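Structure first, then comments.
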Amino acid sequence: MLRDLKLPLSPAQIRSIIEAQDVPIALWSGAVSSGKTIASLIAFLLRLAVAPDHGLIVIVGRTLQTIERNLIDPLQSKFLFGPLAKHVHHTTGSTTATILGRTVHLIGASDARAEGRIRGATIALAYVDEATLVPYEFWMMLLSRLRVGDQSRLLATTNPDGPFHWLRKEFILRKDAVGLTHWHFTLDDNPGLDPRMVARLKAQYTGLWYRRFILGDWCLASGAVYDSFDDVRHVVDILPEMRRWMCVGVDYGTVNPFVGLLVGHGVDDRLYVASEYRHDSRAAHRQLTDAQYSKAVQGWLREYGHKGAQGVQPDWLFVDPSASSFMTQLWSDGVPGVAKADNDVKDGIRSVSMALAADRLSIHRSCEGLLGELPSYSWDEKAALAGEDKPLKANDHSCDALRYALHSSVNEWRHLIRADLEVAA
Numbered sequence: 002m003l004r005d006l007k008l009p010l011s012p013a014q015i016r017s018i019i020e021a022q023d024v025p026i027a028l029w030s031g032a033v034s035s036g037k038t039i040a041s042l043i044a045f046l047l048r049l050a051v052a053p054d055h056g057l058i059v060i061v062g063r064t065l066q067t068i069e070r071n072l073i074d075p076l077q078s079k080f081l082f083g084p085l086a087k088h089v090h091h092t093t094g095s096t097t098a099t100i101l102g103r104t105v106h107l108i109g110a111s112d113a114r115a116e117g118r119i120r121g122a123t124i125a126l127a128y129v130d131e132a133t134l135v136p137y138e139f140w141m142m143l144l145s146r147l148r149v150g151d152q153s154r155l156l157a158t159t160n161p162d163g164p165f166h167w168l169r170k171e172f173i174l175r176k177d178a179v180g181l182t183h184w185h186f187t188l189d190d191n192p193g194l195d196p197r198m199v200a201r202l203k204a205q206y207t208g209l210w211y212r213r214f215i216l217g218d219w220c221l222a223s224g225a226v227y228d229s230f231d232d233v234r235h236v237v238d239i240l241p242e243m244r245r246w247m248c249v250g251v252d253y254g255t256v257n258p259f260v261g262l263l264v265g266h267g268v269d270d271r272l273y274v275a276s277e278y279r280h281d282s283r284a285a286h287r288q289l290t291d292a293q294y295s296k297a298v299q300g301w302l303r304e305y306g307h308k309g310a311q312g313v314q315p316d317w318l319f320v321d322p323s324a325s326s327f328m329t330q331l332w333s334d335g336v337p338g339v340a341k342a343d344n345d346v347k348d349g350i351r352s353v354s355m356a357l358a359a360d361r362l363s364i365h366r367s368c369e370g371l372l373g374e375l376p377s378y379s380w381d382e383k384a385a386l387a388g389e390d391k392p393l394k395a396n397d398h399s400c401d402a403l404r405y406a407l408h409s410s411v412n413e414w415r416h417l418i419r420a421d422l423e424v425a426a
């Protein structure tokens with residue numbers, strides 16, 4: 002099977018593939034794009050070829066979509082897997098695939114309720130993508146379902162998380178006791194990486210994310226969330242012409258401040274937070290209704306002036322997903338482009354960090370609320386000690402609006418960073 006592969010393999014990858022065949026639990030962790038997924042998928046195919054006929058074969062990920070993107074698509078790539086790719090069959094959206102002639106069940110495990118999907122099952126072979134994102138309850142249920150004697154196997158990959166994450170505390174640090182074999186990968190363990198790709202990856206991450214995803218450290222979330230923010234680098238007094246007004250991010254508040262941030266894509270291929278609408282009911286001694294907020298936001302955008310032109314209409318208006326009544330008001334008022342913001346906090350922070358680190362995000366000096374919050378926006382160290390990464394919930398309303406705007410539109414601007422790095426290389 003290895004002879005059919007089209008890609009080069011490093012000694013670390015080959016060693017892990019061979020060793021993984023005879024251990025109950027195999028875990029690959031380390032840097033992004035370090036070759037751990039390819040090595041683990043080859044190991045999975047080898048185990049699948051000899052898996053017992055009785056017992057289910059399962060692939061687990063955070064969602065069905067991440068399984069398709071992270072695992073099925075690579076397995077179907079002739080560039081990566083050569084002739085083996087034709088033996089991987091899957092219809093997008095289906096919860097099963099056929100791989101090497103075996104039916105493989107694809108299971109999304111985004112919350113603790115997912116453990117019900119495998120309760121009562123007998124599993125012969127399991128593969129888990131991004132194990133730190135799988136709920137603890139699901140992982141433990143999965144282990145209890147590996148019931149085909151000493152032939153059952155569990156293979157998993159992950160990027161590092163905090164040092165108190167259950168996967169590290171209960172399994173990696175106790176690997177001998179629980180029957181786990183662990184390999185740590187760095188960028189140097191992937192012989193297929195172009196130097197430009199390495200440069201791109203290093204530029205996309207900063208602070209906490211750099212330590213975890215580039216260095217592969219299981220490190221604590223502490224200090225400033227946006228530690229690359231620099232008012233000299235990222236604050237501007239003059240805005241360029243805009244290619245498009247991309248979006249508005251809205252953090253809804255009644256007692257707490259209500260914030261809207263207008264983001265444009267400049268002709269210099271940078272993102273600009275051009276203007277901020279902010280209403281603090283405590284400071285104003287007046288709460289506004291949904292209808293009044295809708296009217297205020299529309300008026301703010303209608304009156305905003307830029308380069309002699311007055312009024313902007315952004316492509317999207319991404320709203321705090323918990324503010325359903327406000328979105329209903331906007332829809333009834335005929336406001337175009339209204340959508341629920343993506344409220345994944347960690348991924349959203351990573352998107353903002355990526356834009357700041359790559360110098361692709363600037364903020365106009367008039368956005369006083371946002372500029373006042375960014376330097377003090379910090380990780381909650383008590384939560385980190387309990388194994389959870391989250392920022393302190395204090396003076397964060399403009400930061401939330403920024404996260405809604407940038408993360409919800411990330412697929413529309415991520416290429417700016419990639420193209421910039423390729424030109425530089």
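Everything in the sequence shown is counted per the working numbering, starting at 2 for the first residue and increasing by one.
Built from N, CA and C at the ideal position, the CB exists for glycine as well.
Quick caveat, the model's predicted, so the values are computed rather than measured.
Under the assumption that I26 contacts L181 (Cβ atoms under 8 Å), give the Cβ distance between them as a whole number of angstroms.
4 Å
Euclidean distance between Cα positions of L179 and F214
Per the sequence shown, residue 179 should be read as Val rather than Leu. When rounded, the distance between both Cα atoms is 26 Å.
Residue(s) in a DSSP beta bridge with D343
D343 is not bridged to any residue.
Please go through the same chain and pick out, in chain order, the residues whose beta-carbon is closer than 8 Å to the beta-carbon of V289, but skip the five residues on each side of it.
In the sequence under discussion, the amino acid at residue 289 is Leu, which differs from the Val named in the question. Within the same chain, L289 has close Cβ partners T255, F259, H280, S282 and A297.
Could you give the residue range of the alpha helix (DSSP H) that holds A13?
P12 to E20
What's the C-alpha gap between F80 and W184?
25 Å
Can you give the Cα-Cα distance for T64 and Y128, rounded to whole angstroms?
14 Å
Rounded to whole angstroms, what is the Cα-Cα separation between I108 and L272?
37 Å
Coil, strand or helix - Q427 by DSSP
What is shown of the chain runs 2 to 426, which leaves residue 427 out entirely.
If G31 and D390 are in contact, beta carbons under 8 Å, what's the gap, nearest whole angstrom?
In fact, because the Cβ distance is near 18 Å, the residues do not count as touching under 8 Å.
M141 to V135 span [Cα, whole Å]:
10 Å
Identity of the residue in I18, G265 and S35 nearest S41 by Cα:
I18
In whole angstroms, give me the CA-to-CA distance for K203 and I68.
25 Å
Assign S410 to buried or exposed, taking buried as 16 or more other Cβ atoms, counted over all protein chains shown, within 10 Å of its Cβ.
buried
Spatial neighbours of V424 within its chain, please: CB distance less than 8 Å, with the 5 preceding and 5 following residues excluded, ordered by chain position.
Per-residue confidence for V424 stands at a pLDDT of 35, beneath the threshold of 50, marking its modelled position as unreliable; the derived number appears in the next sentence. Answer for V424: no residue qualifies.
A98 - partner residues in DSSP beta bridges:
V105
Is it right to say D348 is buried, meaning 16 or more other beta carbons lie within 10 angstroms of its own, or is it exposed?
exposed
What number of angstroms, rounded off, separates the C-alpha of N396 from the C-alpha of Y378?
8 Å
Enclosing beta strand (DSSP E) for F139 [first to last residue]:
Taken as a continuous stretch (DSSP letters only), F139 belongs to no beta strand (DSSP E), being part of the alpha helix (DSSP H) at Y137 to R146.
Neighbourhood of T445 by C-beta distance below 6 Å, restricted to the same chain and skipping five residues each side
With the chain running from 2 to 426 in the structure shown, residue 445 is simply not present.
Coil, strand or helix - W414 by DSSP:
helix
To the nearest angstrom, report how far apart G56 and S333 are at their CA atoms.
53 Å
Go ahead and label D151 buried or exposed: buried means 16 or more other beta carbons lie within 10 angstroms of its beta carbon, across all protein chains shown.
exposed
Let me confirm a value: V264 is counted as buried when at least 16 other C-beta atoms fall within 10 Å, else exposed. Which label applies?
buried
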